[in-house]
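A.B. asks: Supplied in structure tokens, the structure appears directly below.
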Amino acid sequence: MLSIASHNGQKATSAAFDLLQQKRPALEAAVEGATRVEDDPEELTVGYGGLPNEDGVVELDAAVMDGPTHRGGAVAAMRNIRHATRVARLVMEQTDRVLLAGEGALRFALANGFTEENLLTDKSRRMWLHWKRSRSENDDWITPGKEDADLDLETYFKQQFFRPTGTVHVAALDHAGDLACATSTSGHAFKMAGRVGDSPILGAGLYVDNAVGSCGSIGHGEANLENCSSFLGVELMRSGMSPEEAGLEVLRRVAANAHPRQRDEQGRAKFHLQLFLLDPDGRRAGVSMWDGRQFAVSDSGGTRLEDCTPLQVRSE
Ligand code: ASP
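According to our numbering, the stretch in the sequence shown is residues 2 to 317, in order.
Structure follows, in structure tokens:
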């Protein structure tokens, strides 16, 4: 039994592993793990406190996939509902559909007793407003001065490489040897209204085959949409590759397909992408387009961060 997650998911894997120890199914562990991150107001990329779209509205994408039944459920561009992963699970369990978007996803959540709330925190609202006011000298907004210094925006934007991105992906392997995974995100910060990323798309942002393994991702979602990355990761494991080999091969193919505008002066894919892979024997890997990334693991040895294996190294 174990649970793995993106670097921001230590509380997710820890909660998931607690459930696994109680012999709860992998699906419940993955969903309830992701829910912990959705509740965290300091996590700027998921659920409550997630950074909004360009209009200042938080639009959430989430999906779940269950190994033993090979079923999935997802919501896309859903507003005002914090626990998007639980809603995605209900889409899977209560409907003949896989993906509900926008207004329909919201109505489905309300029908199931979820309550609407403003998902912006003061911090995420101020970060969005700072971004909006800083965009151009040729619009109606005056560029902010020192009044936003407490937001430490410079550090945040620098650390994030480009515009802030992030997501939580959680995978679990239960006592019965079954796999499941879940992904939840507010998507790319300040994205176009209505933009849907890879996270709610089965095969792109996440995928499970109970006999082979699970794969999920965070980072530049369009790259996963254009390469069916998570499906590919699982299929490469089916062909005999280890989780790490499969993940690196997916990244190689994604990098080879990068658009010219997404390449640096050495021709390398500039964007950030990570994959998290887990097989039924408990072998796992985190792989990343660039070095310096980690992923969360909880098992009988405790909860910790382990290093991702990078495809590209920044100092090279
Ligand atoms: N993959 C997410 C998306 O494209 C964002 C991220 O993980 O950074 O919406």
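All residues carry an ideal CB built from backbone N, CA and C; glycine is no exception.
Between the segment 17-36 and the segment 79-90, do three or more beta carbon pairs fall short of 8 Å?
C.D. replies: Touching, yes.
A.B. asks: Within the chosen definition, does the segment 254-274 reach the segment 199-215 through at least 3 CB pairs nearer than 8 Å?
C.D. replies: Contact between the segment 254-274 and the segment 199-215 is absent, because fewer than three Cβ pairs lie under 8 Å.
A.B. asks: Can you check whether the CB of S200 is closer than 8 Å to the CB of D62?
C.D. replies: Within the sequence shown, numbered from 1, the residue matching residue 62 stands at position 61. Within the sequence shown, numbered from 1, the residue matching residue 200 stands at position 199. A contact, by the Cβ cut-off of 8 Å.
A.B. asks: What's the C-alpha gap between R25 and S299?
C.D. replies: Position 24 of the sequence shown, counting from 1, holds the residue named residue 25. Position 298 of the sequence shown, counting from 1, holds the residue named residue 299. Between R25 and S299, the C-alpha separation is close to 15 Å.
A.B. asks: With distances taken between CB atoms, is the gap from S215 to L249 smaller than 8 Å?
C.D. replies: In the sequence shown, the residue the question calls residue 215 occupies position 214. In the sequence shown, the residue the question calls residue 249 occupies position 248. The answer is no: Cβ separation not under 8 Å.
A.B. asks: Would you call the segment 71-81 and the segment 101-113 in contact, with 3 or more CB pairs under 8 Å?
C.D. replies: Result yes; three or more Cβ-Cβ pairs closer than 8 Å.
A.B. asks: Only counting the same chain, and skipping five residues up and downstream in sequence, which positions put a Cβ closer than 6 Å to that of A286?
C.D. replies: Working through the sequence shown from its first residue, we reach residue 286 at position 285. So the qualifying residues of the chain are P244, E245, G248, L278.
A.B. asks: Going by beta carbon distance, what residues of the same chain come within less than 6 Å of A106, once the five residues before and after it are set aside?
C.D. replies: Taking the sequence shown and counting its residues from 1, one reaches residue 106 at position 105. Answer for A106: V76, M79, listed in chain order.
A.B. asks: Using DSSP with H/G/I as helix, E/B as strand and the rest coil, what is L130?
C.D. replies: By 1-based counting over the sequence shown, the position of residue 130 is 129. Looking at L130 - three-state DSSP - the assignment turns out to be helix.
A.B. asks: Ignore the nearest five residues each way along the sequence and tell me which others in Q263's own chain have a CB closer than 7 Å to its CB.
C.D. replies: For the purposes of this step, residue 263 is taken as residue 262 along the sequence shown, with counting starting at 1. Cβ within range, chain order: A270, K271, F272.
A.B. asks: So is the beta-carbon of I219 under 7 Å away from any non-hydrogen atom of the ligand ASP?
C.D. replies: Reading the sequence shown from its first residue, position 218 is the one you call residue 219. Yes - the ligand ASP has a heavy atom lying nearer than 7 Å to the Cβ of I219.
A.B. asks: Buried or exposed: I219, going by 16 or more other Cβ atoms within 10 Å of its Cβ?
C.D. replies: Position 218 of the sequence shown holds residue 219. So I219 counts as buried.
A.B. asks: Helix, strand or coil, according to DSSP, for R294 in the structure here?
C.D. replies: Counted from its first residue, the sequence shown places residue 294 at position 293. Coil at R294, not helix or strand.
A.B. asks: Please check the pair L312 and L252, which I expect to be a contact at CB under 8 Å, by giving their CB distance rounded to whole angstroms.
C.D. replies: What you label residue 312 is simply residue 311 of the sequence shown in a count that begins at 1. What you label residue 252 is simply residue 251 of the sequence shown in a count that begins at 1. Confirmed, Cβ separation roughly 4 Å.
A.B. asks: Report the three-state DSSP secondary structure of S185 (helix, strand or coil).
C.D. replies: Residue 185 sits at position 184 when you count from the first residue of the sequence shown. Reduced to three states, the DSSP call for S185 is strand.
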